[in-house]
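**Q**
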Amino acid sequence: MNKKITILLLSILGLFPMQAVSVLADWDKQGLSEDYHGHIDDRMESLNPQIQLLGINDFHGQLNVTRKVNGQPAGRADYLAAYLRQRAAENENTILLHVGDMIGASPPLSALLQDEPTIEFLNRMGFDIGTVGNHEFDEGAEELLRLINGGKPSATEGFSGSRFPWIAANIISKQTGKLLLPPYKIIKRSGMPIGFIGVVMKETPSMVAPSGVEGLAFTDEAEAINKYADELKKQGVRAIVVLAHIPGKSKASGEQATGPLIDLANEVDDEVDIIYGAHNHAYLNSVVDGKLLVQSYSYGTAFSDVDIEMDRKTKDIISKQAEIVTVYQREIIPASDITRMIERYEKRVEPIVNNIVGTAASPITAERNNSGESGLGNLIADSQRTAMNTDFAFINPGGIRGDIDAGNVTRGNLFVVLPFNNHLVKMNLSGRQIRELLNQQWQPAVTRILQISGLTYTWDDGQPAGKKVSDIRLADGTKLYPEKNYSVTVNTYLAEGGDNFTVFRQGTNRETGPMDIDALIEHIKQLPQPFSSEIKGRIRREN
């Protein structure tokens, strides 16, 4: 049958344009999913509006980065775009949303251009709403507002900011007493109002350099949500979705849901229907206290497809279900306009990122052993101690964002590993202070094992807090003396007490050195080629 005749018949039957596009796409075998949720059938049979929410979290500017999921290539912005557009074509009542950490810890393609390429990607995709994560504050509130609202200095031609609103209900300016961003936004689809409330972890100040959150207060998330849920209800809004940059995870079945997001679900107003999570880069698809909780991994390797049915009379959500979809590259053709955008920016940064620094004999990864040590952590810590000529060096594990593959290593590769543009800081600490900071690795909610150079130690998890670390020795085997002062190298994030390592704030005789990535580049250049780095037993776990 001729396609034009088919379209005409579908139009008469009331199935054109969106349903016809879907049917023709299947007819042409263009890679669309088979048996796709029964979406179309449901919409044909129901008079209630069927609305689709497509969400991502923790993208981190991974525009041109391909990762492996189950051994298969996954992610990249042009493939993610193709998936999102394919799903959006199934339902004209689609809302695109994100849950923070869209920027920060980005690869060179985005980071070297002030993360403006990532904002352009979100704009091109037509995102409708988003909230902030902790990494949106890596460069401070002023830079965040510039990326949202536009302004100088910009790194790309014609940059005018975000074309969609960003919301956050629990970030207050200490100077004005007002919210930094709007707390919520009402979006209508098929005449149905849906209220979106945004929040970020109240612990954000401990995850960002103090300069990044200077002048800001982060309030309790549940209290903020309940306050603005009440406002929405007074406006007649009964469908409420929360975008929460707060961690949570579950089994694929939805069972064993754990994390702060689960606690939040039990604390917030029952009028809240759906809560999106983020931050811990995990899978979450579960129902807690009647609320659908969702998180879709990270880095653009997956997205969430939440389908809701709304009662036309009450304007409330009467059914909801979620699917976490992996962005496998082999299953779809990438979006050509996004590919062209990526290529345009790759040409801009090519002279910087393609410079070969050295050759790795084998992969060097950030994967830590049972004691908490990694080969890549050792390499980076050694580079920083060498650059500043100190007794010791310490690195926060969250500052290492990628691995080094075997073969030629470029500056661009290393920028993916160390994307934060941190300077190195030399300071003096006593042996007693060093013991205290090593014990600060065990915090109430999380354990963060620092990567180290110049010393070794043993730890026992069976010991009480503050006494887990023992047998601290220098590299030559001599013991650490409590009263003696030692020179220490850390990055600017740790120097300001990041990740709750508050001992570093006590460091004296501070000197600022080169960027961390420059120290790593120079260190690799001085190593015999091809170079390598292994786990060396610097950190030993007894129990």
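Numbering (mature numbering (1 follows the signal peptide of the UniProt record, and there is no 0)), first residue to last: -20 to -1, 1 to 523. Here a beta-carbon is modelled for each residue, glycine too, at the ideal position from N, C-alpha and C.
1. Can you name, in chain order, every residue of its own chain whose Cβ lies under 8 Å from the Cβ of Asp456, other than the five neighbours on each side?
2. Note down the Cα distance separating Glu235 from Gly487, rounded to an integer number of angstroms.
3. Three or more C-beta pairs closer than 8 Å, one from the segment 429 to 440 and one from the segment 325 to 341: is that the case here?
4. Considering only residues of the same chain and omitting the five flanking positions on each side of Ala232, which have a CB-CB separation below 8 Å?
5. Could you please give the first and the last residue of the uninterrupted alpha helix (DSSP H) stretch that includes Tyr277?
6. Compute the distance between the beta-carbons of Val307 and Ala54, then report whether it is under 7 Å.
7. According to DSSP, is His261 part of a helix, a strand, or is it coil?
8. Name the residue from Asn369, Val248 and Asp108 whose alpha carbon lies nearest to the alpha carbon of Arg169.
9. Taking the alpha-carbon of Lys158 as reference, which of Gly195, Pro185 and Ser134 has the nearest alpha-carbon?
10. Roughly how many angstroms lie between the CA atoms of Pro190 and Asp81, to the nearest whole one?
11. Between which residues of its own chain and Arg126 is the CB-CB distance below 6 Å, once the five residues before and five after are set aside?
12. Report yes if the CB atom of Val470 is closer than 7 Å to the CB atom of Phe374, and no otherwise.
13. Pull up the DSSP beta-bridge partners for Leu223, would you.
14. Excluding sequence positions up to five away, which residues of its chain have a Cβ less than 8 Å from the Cβ of Lys505?
15. Which word fits Ser230, buried or exposed, when buried means at least 16 other C-beta atoms lie within 10 angstroms of its C-beta?
16. Identify every residue that forms a DSSP beta bridge with Asn114.
17. So the alpha helix (DSSP H) residue 548 belongs to, where does it begin and stop?
18. My output table needs one value for Ile504: the three-state DSSP class, helix, strand or coil.
19. Using only CA atoms, which one of Asn50, Leu33, Arg218 and Leu60 lies nearest to Ile312?
20. Quick one: Cα of Ser316 to Cα of Arg65, how far?
21. Do Ser363 and Leu474 have their beta-carbon atoms positioned less than 7 Å apart in this structure?
22. Below 8 Å, how does it come out for the segment 88 to 95 and the segment 272 to 280: are there three or more Cβ pairs, yes or no?
23. Taking the alpha-carbon positions, what's the Lys516 to Gly352 distance?
24. Exposed or buried, Ile380, counting other C-beta atoms within 10 Å across all chains shown (16 or more means buried)?
25. By Cβ distance, which residues of its chain are closer than 7 Å to Lys448, with the 5 residues on each side in sequence left out?
26. For the putative contact between Thr111 and Ile147, defined by C-beta atoms under 8 Å, what is the C-beta separation to the nearest angstrom?
27. For the beta strand (DSSP E) holding Thr366, just list the boundary residues, first then last.
28. Would you call the segment 210 to 219 in contact with the segment 390 to 398, where contact means no fewer than 3 C-beta pairs closer than 8 Å?
29. Start and end of the beta strand (DSSP E) containing Asn44?
30. Counting only runs that start and end within the segment 80 to 115, where is the beta strand (DSSP E) found for 3 or more residues in a row?
31. Tell me whether Val426 is buried or exposed, calling it buried when 16 or more other Cβ atoms sit within 10 Å of its Cβ.
32. For Asn260, collect the residues of the same chain with a Cβ closer than 8 Å to its Cβ; drop the 5 residues on either side in sequence, then sort them by chain order.
33. In this structure, does DSSP put Phe511 in helix, strand or coil?
34. Report the CB separation of Ala91 from Gly41 in whole angstroms; it is logged as a contact under 8 Å.
35. With a floor of 4 residues, list each alpha helix (DSSP H) that falls wholly inside the segment 365 to 399, ordered by position along the chain.
**A** With the given structure in hand:
1. Correct list: empty, nothing qualifies.
2. Rounded to the nearest whole angstrom, the C-alpha separation of Glu235 and Gly487 is 46 Å.
3. Contact between the segment 429 to 440 and the segment 325 to 341 is absent, with fewer than three C-beta pairs closer than 8 Å.
4. If we look at Ala232 and ignore the five residues flanking it on each side, its Cβ neighbours are Tyr263 and Asn265.
5. Tyr277 -> no alpha helix (DSSP H), and no H or E assigned at all.
6. Inclusion of Val307 and Ala54 in the CB contact set at 7 Å is warranted, their separation being smaller than that value.
7. Three-state DSSP puts His261 in coil, outside helix and strand.
8. Distance check between Arg169 and each of Asn369, Val248 and Asp108 places Asp108 closest, using alpha-carbon atoms only.
9. The shortest C-alpha separation from Lys158 is found at Gly195.
10. Cα to Cα, Pro190 sits roughly 18 Å from Asp81.
11. The answer is none, since no qualifying residue turns up.
12. Yes, they are a contact pair.
13. Its beta-bridge partners are Gly178 and Tyr256.
14. If we look at Lys505 and ignore the five residues flanking it on each side, its Cβ neighbours are Val337 and Gly338.
15. Buried, by the Cβ-count rule.
16. DSSP, once it has assigned bridges, lists no residue as partnering Asn114.
17. Since the first residue shown for the chain is -20 and the last is 523, residue 548 is missing from the structure and cannot be characterised.
18. Three-state DSSP puts Ile504 in a helix.
19. Looking at the Cα atoms, Leu60 is the closest of the given residues.
20. Cα to Cα, Ser316 sits roughly 12 Å from Arg65.
21. Cβ distance not < 7 Å, so Leu474 and Ser363 don't count as in contact.
22. Short answer: they don't touch.
23. Cα to Cα, the separation comes out at about 11 Å.
24. By the 10 Å Cβ count, Ile380 comes out buried.
25. Non-local beta-carbon contacts of Lys448 in its own chain, meaning distances under 7 Å to residues more than five positions away in sequence, involve Asn419, Trp422, Trp439, Asp440 and Asp441 in chain order.
26. That pair is a contact at about 6 Å.
27. In the DSSP assignment, Thr366 falls outside any beta strand (DSSP E) and within the unbroken alpha helix (DSSP H) covering Gly355 to Met368.
28. No, they do not touch.
29. Asn44 -> no beta strand (DSSP E), and no H or E assigned at all.
30. Counting whole runs of 3 or more residues, the segment 80 to 115 contains the beta strand (DSSP E) stretches 109 to 111.
31. Classification of Val426: exposed, given that the 10 Å Cβ count is below 16.
32. Only Pro227, Gly228, Lys229, Gly239 and Gln275 meet the Cβ criterion.
33. In this structure, Phe511 counts as strand in the three-state DSSP scheme.
34. With a contact defined as Cβ atoms closer than 8 Å, Ala91 and Gly41 qualify at about 6 Å.
35. As for any alpha helix (DSSP H) of minimum length 4 sitting wholly inside the segment 365 to 399, the runs are 391 to 397, ordered along the chain.
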